[in-house]
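Peer 1: Position one of the sequence shown corresponds to residue 109 (the numbering used here), numbered consecutively onward.
We put the CB at the ideal spot given by N, CA and C, even for glycine.
Take a look at this one; I'll ask things after.
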Amino acid sequence: MGAAIGQFLPIAVGVLISPLPVVAVVLMLVSGKAKANALAFLLAWFVSVAAIVTVVAILVGGAAGDAASRPAWVAWVKIALGALLLLLAGSQWRGRPRQGATPETPKWMTVIDAFTPVKAAGLAFVLGAVNPKNLLLVVSGGAAISAAAQGTSTRLVAALVFAVIATLGVTAPFVIYLAMGTRAHTILDALKTWMIQHNAIIMTVLLLIISAKMIGDGVSAL
């Protein structure tokens, strides 16, 4: 278990500090159905991440066998994932807002005040399981678990730990809201503004770091 956590921890932290899901929770917390929408988002986010990382960890791990007989394609999968993350990092960097420019606001941010808990859960699924940036990170986490953990039960537990860590980022604004109530609006609004403004740079750095890790792990396993 310790080896698996060591392998996936940087990736889980990458999911944890992804800006857009955190911004989504902040926007929900300043809307009319703050608690219901935010809680629905958190639960759906956790389930989405846990489901994907578990499926990848078990399928890849089961196909690859134990560490002694693991085929070369497992290493190549890691290298391929690292290369995709590297390409995504380049795309993020090229699309960053120039100095003094205001980042384009995603359409869902403008209508989030009218969300119901069902729509909030749907947004969590889209951001957690459909969004290419997050999907690649979570799949990379599953691949890391499959390579480091032996046995289905160990991989299941490791996948749940990954999902818990990956959910801490979207949980933090909710905890601040519960602790401070309406007084938290100023803090949350400042957090939202900063993360929107620096989303591209944050994601570029995260993707570069995790890309280097995945490629390095793959090369060392060949």
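1. State the Cα-Cα distance for the pair residue 234 and residue 310, rounded to the nearest angstrom.
2. Our contact map puts residue 124 next to residue 289 with C-beta atoms below 8 angstroms; I'd like the distance itself, whole angstroms only.
3. Would you identify the three-state DSSP class for residue 218, choosing helix, strand or coil?
4. Can you find at least 3 beta carbon pairs, one from the stretch 293-300 and one from the stretch 182-194, that sit closer than 8 angstroms?
5. Can at least three beta-carbon pairs, one atom from the stretch 136-146 and one from the stretch 312-323, be found at a separation below 8 angstroms?
6. For the putative contact between residue 236 and residue 157, defined by C-beta atoms under 8 angstroms, what is the C-beta separation to the nearest angstrom?
7. So, for residue 270: in the same chain, excluding its five sequence neighbours on each side, which residues have a beta-carbon less than 6 angstroms away from its beta-carbon?
8. For the alpha helix (DSSP H) containing residue 138, list its first residue and its last residue.
9. When DSSP labels each residue in this structure, what does residue 223 get in the three-state scheme?
10. Let's see if you can read the secondary structure: which residues bound the alpha helix (DSSP H) around residue 305?
11. Would you identify the three-state DSSP class for residue 205, choosing helix, strand or coil?
12. May I ask you to report which of helix, strand or coil DSSP gives residue 330?
13. How big is the Cα-Cα spacing for residue 298 and residue 197?
14. If I follow the unbroken alpha helix (DSSP H) through residue 126, where does it start and stop?
15. Assign residue 167 to buried or exposed, taking buried as 16 or more other Cβ atoms, counted over all protein chains shown, within 10 Å of its Cβ.
16. With DSSP collapsed to three states, give me the class of residue 279.
17. Helix, strand or coil for residue 110? Go by DSSP, reduced to three states.
18. Taking the C-alpha atoms as reference points, what is the distance between residue 283 and residue 330?
19. Take residue 280 and list the residues in its own chain whose beta-carbon comes closer than 8 angstroms to its own, dropping the five residues that flank it on each side.
20. Can you give me the Cβ contacts of residue 230 inside the same chain, cut-off strictly under 8 angstroms, excluding the 5 residues immediately before and after it?
21. Does residue 240 come out as helix, strand or coil in the three-state DSSP assignment?
22. Look up residue 266 in the DSSP assignment and say whether it is helix, strand or coil.
23. Taking the straight line between their C-alpha atoms, what separation do you get for residue 264 and residue 327?
Peer 2: Considering the structure as presented:
1. 20 angstroms
2. 25 angstroms between Cβ atoms; not a contact.
3. helix
4. no
5. no
6. 5 angstroms
7. 116, 120, 161 and 249
8. Residue 138 -> no alpha helix (DSSP H), and no H or E assigned at all.
9. coil
10. 292-305
11. coil
12. coil
13. 25 angstroms
14. Looking at the DSSP string, residue 126 is not in any alpha helix (DSSP H), and its letter there is neither H nor E.
15. exposed
16. helix
17. helix
18. 44 angstroms
19. 130
20. 152
21. helix
22. helix
23. 26 angstroms
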